[in-house]
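Protein chains in written order, with the working numbering: chain A, 1 to 232; chain B, 1001 to 1232; chain C, 2001 to 2218; chain D, 3001 to 3218.
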């Protein structure tokens, strides 16, 4: 595999180098746009003591929920974890550490991590438990808190299409946190539904440029729906 | 014109409300992707004492250069102004105030302005004249400086296509600073080559969502080339 | 009589203005979409990255890749745009959303809001609520005026951990529409058939009652 | 003999590795693209928002909307991506670019670089240079060893206003390839036919000369 060709042949290869205690950034919102197969591969590898950064933590028996079952997660940084009974149990038993972070602050911390911005000020969370221990400073007469960026050892990302160079496009709202995770991983692994030849994707319409991506793999996805809601 | 339909019929209407002393954010890099007709309309209006934020300041007799000729700019915030003789004269004569800002810091200040981040830390410019008077703080053992965001009274932006709601796509590298300017203007005016019906642009491929845009107008563009360079 | 959930949504919908970009929270706020007044056009923002949220899909349109912030399958309207979570909260934090409607456990006379955490019970997380209340100028909180046990949710000072500090100016409950000004709730409208006395009784925080408090009409 | 501009570009190109993302500054750095070693694949980043910069266009391909950071008309290669200036500098500042090559007026033994301003003369601005030197781990500065008047550009301490502080580790001049370590220039290679004595003479900052300094071969 030469130079800019990021394709790997197996999920084992996709996560080569992932070891106990690492920080893993996982894309997705609810069950939408989650890297299902990469999550399953982490389970298969049995990697433990992980810090996982993701907006949610899957549900019982699916998505990141499977890593809770195997007690592979030591710390979770997320904005909403309410869909998961195991989560609650492990939190109450002290097995799991949780850092709840406002959704927009979480997205911005990750974008900042990828963009070389170590910290930024935001009004979000001022005067709430989120602000505890954080520096407060006023800008334009309004108090803001200082938030630090987040980066990870690995980012696991779900794309729709990618070319060999790792240029990725996402489908509909399956985009969500994926681009920020991709930019903030030291090693960024993207699983996609389709790999196309370089030149097939419109250069002006790439969501994640290949420079952020280290490995890509084509997978098959269940795409489970969390709340199927229809009009009659 | 109702609700979400941002189309206006004339350049006069496009810049209605622009008055002396305002801050104008102008998209473009060199002469690529500049809002040529909106700049000309500012000239026609004779608005003075403007603070203009733009990566460059056009060239003599084209782009923002025309506003220098008419002495309409009081202060310029830019990263590179080397293409413009008038600029030099007005700077040396004290008519023009200039705040030179590293290109990436400028882009980030504008993105932050649009995104409600009042300030951020960056290593760019530490130990240089850019850092003068700015707070220095170390993160991960490396000194960074605190940079404040930028917003403007008006943003003038050049797009390729837009729909009635002001969803914009840019063509090739004519994107450059335009999306950040669009997000950071209190009133954002976009001139485009083509206006299409809502639904014609792929929702997942919008560069500037309509929420940032207040007025759109279709224009005709010269698109002057600054350095025509060809292979033989 | 206390307003129904639908009437609450209907009343909130009267605050919509032509051309508004609106973020609707989960629950009653979601219902507001059903009562957009005739002749005005609004665009719904869903903080997972969708501007131009449409109706729920028909069975054959259901797409796992197109959901709203409540994780429900949705559709997008013509002229929608879809983007990353960072871009979505750039819009929200940057003050580009014209109106935000969300639920709460408690609101107080200083405009503080508590909506995400009940210590001792399970902590589910704040999701996007803290960003929404910090980013918007124009917020309407919808909630019942009192708990099922009759405890007021309009307080002198929120008891629960805050979602945001000093950011709420408008509250619609099942009994009344109130504005928060100078450290007090101002009673602006009451639900049809609900007496001022009942509202006074169920409001724990300082309440200012103007001479004339109109009844809402539906 | 001192290296030609083409030879300097050729020497820099030897630092390219398969799979590198590379930002090439204006002038000599731009020429590096012509000497990418056979069998390796690199992607050129242009900070105005293009990853995958190609050759200059043929006359009939010229497009005003497709330029590089030097404002020259260019093409893009298959597999290129195009994005905003904020995204472009997110890549640069975030350390995602593997190699940056840029010119300078002066470099000193502390790794400081001055490249954008000569007080008294016109100030054109720093463009993206400050971001590039702050964001990259791996930078090669290309410049002549001395000015036309014979003044060394490799100093104990830069005299001109800095572009970046403590960020330069590699310098290629027309006379030598040097690395900066522990407050000194280490002479690693010399141009064919250029003596160590000449380099010593033209280097104002502390210079360490290893026992063996190979000549570059072309």
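Using N, Cα and C, we set each Cβ at its ideal position, and we do this for glycine too.
(1) Quick check: what's the CA-CA separation for residue 233 (chain A) versus residue 196 (chain A)?
(2) Would a C-beta distance cut-off of 8 Å place residue 176 (chain A) and residue 210 (chain A) closer than the cut-off?
(3) For residue 66 (chain A), which three-state DSSP category applies?
(4) Given this structure, state the Cα-to-Cα distance separating residue 231 (chain A) from residue 2059 (chain C), to the nearest angstrom.
(5) Please report how far the alpha carbon of residue 2152 (chain C) lies from the alpha carbon of residue 2046 (chain C), in whole angstroms.
(6) Take residue 1141 (chain B) as the anchor and find which of B:1123, B:1132, B:1133 has the nearest alpha-carbon.
(7) Since residue 3062 (chain D) meets chain B, which of its residues come closer than 8 Å, beta carbon to beta carbon?
(8) Identify every run of the beta strand (DSSP E) within the segment 1154-1202 of chain B, keeping only runs that are complete inside it and at least 3 residues long; order them along the chain.
(9) Could you tell me whether the Cβ of residue 108 (chain A) comes closer than 8 Å to any Cβ of chain C?
(10) Select from D:3024, D:3190, D:3204, D:3198 the residue whose C-alpha is nearest the C-alpha of residue 3183 (chain D).
(11) Distance, Cα to Cα, residue 1001 (chain B) vs residue 1007 (chain B)?
(12) With a threshold of 8 Å between beta carbons, is residue 3157 (chain D) in contact with chain A?
(13) Within this structure, are the beta carbons of residue 3141 (chain D) and residue 3107 (chain D) separated by less than 8 Å?
(14) Of all the options B:1073, B:1111, B:1226, B:1104, which has the alpha carbon lying nearest to the alpha carbon of residue 2086 (chain C)?
(15) Using a Cβ-Cβ cut-off of 8 Å, state whether residue 211 (chain A) counts as contacting chain B.
(16) Closer than 7 Å by beta-carbon distance: list the chain B residues that pair up with residue 2053 (chain C), in chain order.
(17) Take residue 149 (chain A) and list the residues in its own chain whose beta-carbon comes closer than 7 Å to its own, dropping the five residues that flank it on each side.
(18) Which runs of the alpha helix (DSSP H) fall wholly inside the segment 1079-1126 of chain B and span at least 4 residues, in chain order?
(19) Here's the rule: buried if 16 or more other CB atoms are within 10 angstroms of the residue's CB, otherwise exposed. What is residue 2219 (chain C)?
(20) Give the straight-line distance between the Cα atoms of residue 3063 (chain D) and residue 2044 (chain C), rounded to the nearest whole angstrom.
(21) Could you compute how far the alpha carbon of residue 3217 (chain D) sits from the alpha carbon of residue 3147 (chain D)?
(22) Taking residue 3078 (chain D) as part of the beta strand (DSSP E), name the residues at either end of that continuous run.
(23) Taking residue 1219 (chain B) and residue 1185 (chain B) to be in contact with their CB atoms under 8 Å, please state how far apart those CB atoms are, rounded to whole angstroms.
(24) In the DSSP assignment, the alpha helix (DSSP H) including residue 45 (chain A) goes from what residue to what residue?
(25) Go ahead and label residue 1016 (chain B) buried or exposed: buried means 16 or more other beta carbons lie within 10 angstroms of its beta carbon, across all protein chains shown.
(26) Expressed to the nearest angstrom, what Euclidean distance is found between the alpha-carbon atoms of residue 3150 (chain D) and residue 1065 (chain B)?
(27) Pop quiz: residue 3089 (chain D) and residue 1107 (chain B) are said to be a contact at Cβ under 8 Å. What is the actual Cβ separation, rounded to whole angstroms?
(28) Excluding the five sequence neighbours on either side, which residues of its own chain have a C-beta within less than 8 Å of the C-beta of residue 3076 (chain D), listed in chain order?
(29) Can you list the beta strand (DSSP E) stretches of 3 or more residues lying completely in the segment 2009-2077 of chain C, in chain order?
(30) Check whether the Cβ of residue 1167 (chain B) lies closer than 8 Å to any Cβ atom in chain C.
(31) Is the shortest distance between the beta-carbon of residue 1 (chain A) and the beta-carbons of chain C less than 8 Å?
(32) Determine whether the beta carbon atoms of residue 4 (chain A) and residue 155 (chain A) lie at a separation below 8 Å.
(33) By the 9 Å beta-carbon criterion, what residues does the segment 3125-3154 of chain D contribute toward chain B?
(34) Spatial neighbours of residue 2191 (chain C) within its chain, please: C-beta separation below 8 Å, excluding the five flanking residues on both sides.
(35) Since residue 1217 (chain B) is in the beta strand (DSSP E), which residue starts that stretch and which ends it?
So, from the listed chains and residues:
(1) There is simply no residue 233 (chain A) to check, as chain A begins at 1 and stops at 232 in what is shown.
(2) No. Outside cutoff.
(3) Residue 66 (chain A) falls in the helix class under three-state DSSP.
(4) Those two C-alpha atoms are separated by around 7 Å.
(5) Rounded to whole angstroms, residue 2152 (chain C) to residue 2046 (chain C) spans 30 Å at the Cα level.
(6) Of the candidates B:1123, B:1132, B:1133, the one whose C-alpha sits nearest the C-alpha of residue 1141 (chain B) is B:1123.
(7) In chain order: 1225, 1228, 1230.
(8) Listed in chain order, they are 1161-1163, 1185-1192, 1194-1196.
(9) Residue-level contact check: residue 108 (chain A) touches chain C, since one or more beta carbons of chain C fall below 8 Å from its beta carbon.
(10) Taking the Cα of residue 3183 (chain D) as reference, the smallest distance to any Cα among D:3024, D:3190, D:3204, D:3198 is reached at D:3204.
(11) Any answer about residue 1001 (chain B) is weak, because its pLDDT of 44 lies below 50 and its placement is not dependable; what the coordinates show is given next. Cα-Cα distance, rounded: 8 Å.
(12) Not an interface residue.
(13) Yes, Cβ-Cβ distance for residue 3141 (chain D) and residue 3107 (chain D) is below 8 Å.
(14) Selected option, being the one with the closest Cα: B:1111.
(15) With 8 Å as the cut-off, residue 211 (chain A) does not count as an interface residue toward chain B.
(16) Per Cβ cutoff of 7 Å: no residues; residue 2053 (chain C) is ~11 Å from chain B at best.
(17) The beta carbon of residue 149 (chain A) sits closer than 7 Å to those of 109, 112, 113, 117, 118, 119, all from its chain and outside the five residues before and after it, given in chain order.
(18) Within the segment 1079-1126 of chain B, the alpha helix (DSSP H) runs of at least 4 residues that lie entirely inside it are, in chain order, 1085-1092, 1103-1115.
(19) Chain C is shown only over 2001 to 2218; residue 2219 (chain C) falls outside these bounds and no answer can be derived.
(20) For residue 3063 (chain D) and residue 2044 (chain C), the distance between alpha carbons rounds to 38 Å.
(21) Each residue's Cα considered, the two are about 25 Å apart.
(22) Residue range 3076-3082 is occupied by the beta strand (DSSP E) that includes residue 3078 (chain D).
(23) Their Cβ separation, rounded to whole angstroms, is 18 Å, which puts residue 1219 (chain B) and residue 1185 (chain B) out of contact at 8 Å.
(24) 36-45 is the span of the alpha helix (DSSP H), which, as asked, contains residue 45 (chain A).
(25) With fewer than 16 other Cβ atoms from the protein chains shown falling within 10 Å of its own Cβ, residue 1016 (chain B) counts as exposed.
(26) If you take the alpha carbons of residue 3150 (chain D) and residue 1065 (chain B), they lie about 38 Å apart.
(27) Confirmed, Cβ separation roughly 5 Å.
(28) Here residue 3076 (chain D) has 3050, 3052, 3053, 3054, 3066, 3082 as same chain residues with Cβ atoms under 8 Å from its own Cβ, once five neighbours each way along the sequence are excluded.
(29) Fully enclosed beta strand (DSSP E) runs of 3 or longer: 2021-2024, 2043-2046, 2050-2053.
(30) Closer than 8 Å to some Cβ of chain C, the Cβ of residue 1167 (chain B) qualifies, so yes.
(31) Residue placement at residue 1 (chain A) is poorly supported in this model, since its pLDDT is 44, which falls under 50; the coordinates are not used for a value here.
(32) In this structure, residue 155 (chain A) does not lie closer than 8 Å to residue 4 (chain A) by Cβ.
(33) From the segment 3125-3154 of chain D, only 3125, 3126, 3127, 3128, 3129, 3130, 3131, 3132, 3133, 3134, 3135 have a Cβ closer than 9 Å to chain B.
(34) Cβ within range, chain order: 2001, 2002, 2003, 2007, 2174, 2175, 2176, 2215, 2216.
(35) For residue 1217 (chain B), the enclosing beta strand (DSSP E) starts and ends at 1215-1218.
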